[in-house]
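S.K.: Could you have a look at this structure, given as structure tokens, before my questions?
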Amino acid sequence: LRQSVESLGGDREDLTLEIVYLPRFGDMLESDLIAAVNKFEQRITAMPDYEKYCLKEYSQSEIELEKASNAEQIRIVNSLPHPCAKHHTIFWSCDPSLGVDCESLLSKPVGLMYCPKVGQSCSPTEMVVNDTFKGIKTSVYANSIPDVRTPAGLNSWNFLRLVDSQFGSGNQIVRAALTVFTFGVPFEGYKTVNDDADGQSDKLAEFLYDTYDSPLDGGGAVGHDGVSYLFNGHGM
Numbered sequence: 005l006r007q008s009v010e011s012l013g014g015d016r017e018d019l020t021l022e023i024v025y026l027p028r029f030g031d032m033l034e035s036d037l038i039a040a041v042n043k044f045e046q047r048i049t050a051m052p053d054y055e056k057y058c059l060k061e062y063s064q065s066e067i068e069l070e071k072a073s074n075a076e077q078i079r080i081v082n083s084l085p086h087p088c089a090k091h092h093t094i095f096w097s098c099d100p101s102l103g104v105d106c107e108s109l110l111s112k113p114v115g116l117m118y119c120p121k122v123g124q125s126c127s128p129t130e131m132v133v134n135d136t137f138k139g140i141k142t143s144v145y146a147n148s149i150p151d152v153r154t155p156a157g158l159n160s161w162n163f164l165r166l167v168d169s170q171f172g173s174g175n176q177i178v179r180a181a182l183t184v185f186t187f188g189v190p191f192e193g194y195k196t197v198n199d200d201a202d203g204q205s206d207k208l209a210e211f212l213y214d215t216y217d218s219p220l221d222g223g224g225a226v227g228h229d230g231v232s233y234l235f236n237g238h239g240m
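Shown next, in the form of structure tokens:
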């Protein structure tokens, strides 16, 4: 498939924007903090040209085409528009349309927000904080064992890698939470990952700096006094 998340040119930074959230008082899983960060991350992805640079989402059937090296079908797939892939965050809800109970460790994507729709996925604006559900899901993750060899263990790993190392083994307090926005190459106007790799790297760095550096600088962008954050991105 057309896009890749691999780094541009060996030892360069990954194609990401990373934000670490820190609670000013106690626990990052307080309901009002979760809701505030969810709305903040919606603003991140709604910025002009985000869709131009974001990593795209491919269906499982499209991914299978690549595994089968079906060049003609891949060419057709690459000519079609694709939505941005979901960023990696705990401030999200599972997808009920996948047919798995959202309270289960097997539900995907990982996250602590609740989707009130039955059998349908929720957009970020439709996700809500439900204290009962949040408590159940927090306990599930806190008592889980990460193991990338099993579906449940992989989901555990996908959640635990986004929170501080003190969370887990029964501890349900999060002192720091990481969100990763991933971008994919080649960008519009380039044929491959290696097509003017330096130029593509510079384009992403310019986009991230011009779009996010000033709004994020100063620490008040989340809009909630209970949250501080650190951020870093490609070229920032």
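Quick note on the numbering used here: the sequence shown kicks off at 5 and runs consecutively. Ideal Cβ placement from N, Cα and C applies to all residues, glycine included. Note that the structure is predicted; figures quoted are calculated from it, not measured.
(1) Between Y62 and H86, which are expected to be in contact by the criterion C-beta below 8 Å, what is the C-beta distance as a whole number of angstroms?
(2) Any idea what DSSP makes of Y216, helix, strand or coil?
(3) Secondary structure at V144, three-state DSSP: helix, strand or coil?
(4) Assuming I94 and V184 make a contact with CB atoms under 8 Å, what is their CB distance in whole Å?
(5) From A201 to I48, what does the alpha carbon distance come to, in whole angstroms?
(6) Hey, how far is the Cα of L26 from the Cα of S232?
(7) So for Y57, helix, strand or coil by DSSP?
(8) Rounded to whole angstroms, what's the CA-CA distance from K121 to N147? Just pull it up for me.
(9) Whole angstroms are fine: how far does the CA of Y216 sit from the CA of Q176?
(10) Would a C-beta distance cut-off of 8 Å place V133 and A50 closer than the cut-off?
(11) Could you check whether R28 and D229 sit closer than 8 Å to each other, using their CB atoms as the reference points?
(12) Below 8 Å on the Cβ atoms is my contact criterion, and I expect L33 with L109 to pass it. Report the Cβ-Cβ distance as a whole number of Å.
(13) Please report how far the alpha carbon of D214 lies from the alpha carbon of S83, in whole angstroms.
(14) Mind checking whether C119 and C98 have CB atoms under 8 Å apart?
M.R.: In short:
(1) As a first step, residue 62 is located in the sequence shown; it is residue number 58 there, counting from the start. As a first step, residue 86 is located in the sequence shown; it is residue number 82 there, counting from the start. Yes, they are in contact, since the Cβ atoms of Y62 and H86 sit about 6 Å apart, within 8 Å.
(2) If you number the sequence shown from 1, residue 216 lands on position 212. It is helical.
(3) Along the sequence shown, one-based indexing puts residue 144 at 140. The answer is helix: DSSP assigns V144 an H, G or I state.
(4) Here residue 94 refers to the residue found at position 90 when the sequence shown is read from its first residue. Here residue 184 refers to the residue found at position 180 when the sequence shown is read from its first residue. Contact flag wrong, Cβ pair sits at about 11 Å.
(5) On the sequence shown, residue 201 is found 197 positions in, with the first residue counted as 1. On the sequence shown, residue 48 is found 44 positions in, with the first residue counted as 1. Rounded to the nearest angstrom, the two C-alpha atoms are 25 Å apart.
(6) Counting from one through the sequence shown, the residue named residue 26 turns up at place 22. Counting from one through the sequence shown, the residue named residue 232 turns up at place 228. Distance between the alpha carbons of L26 and S232 is about 5 Å.
(7) Translated into the one-based positions of the sequence shown, residue 57 becomes position 53. Correct three-state label for Y57: helix.
(8) Against the sequence shown, residue 121 aligns to sequence position 117. Against the sequence shown, residue 147 aligns to sequence position 143. Whole-angstrom Cα-Cα distance: 27 Å.
(9) One-based indexing of the sequence shown puts residue 176 at position 172. One-based indexing of the sequence shown puts residue 216 at position 212. Cα-Cα distance, rounded: 31 Å.
(10) Here residue 133 is taken as the residue at index 129 of the sequence shown, counted from 1. Here residue 50 is taken as the residue at index 46 of the sequence shown, counted from 1. Cβ atoms of V133 and A50: not closer than 8 Å.
(11) Here residue 229 is taken as the residue at index 225 of the sequence shown, counted from 1. Here residue 28 is taken as the residue at index 24 of the sequence shown, counted from 1. Yes, Cβ-Cβ distance for D229 and R28 is below 8 Å.
(12) Locating residue 33 in the sequence shown gives position 29, counting from the first residue. Locating residue 109 in the sequence shown gives position 105, counting from the first residue. About 17 Å; that fails the 8 Å criterion.
(13) Counting from one through the sequence shown, the residue named residue 214 turns up at place 210. Counting from one through the sequence shown, the residue named residue 83 turns up at place 79. Roughly 29 Å between the two C-alpha positions.
(14) The sequence position of residue 119 within the sequence shown is 115, counting from 1. The sequence position of residue 98 within the sequence shown is 94, counting from 1. Closer than 8 Å, so yes.
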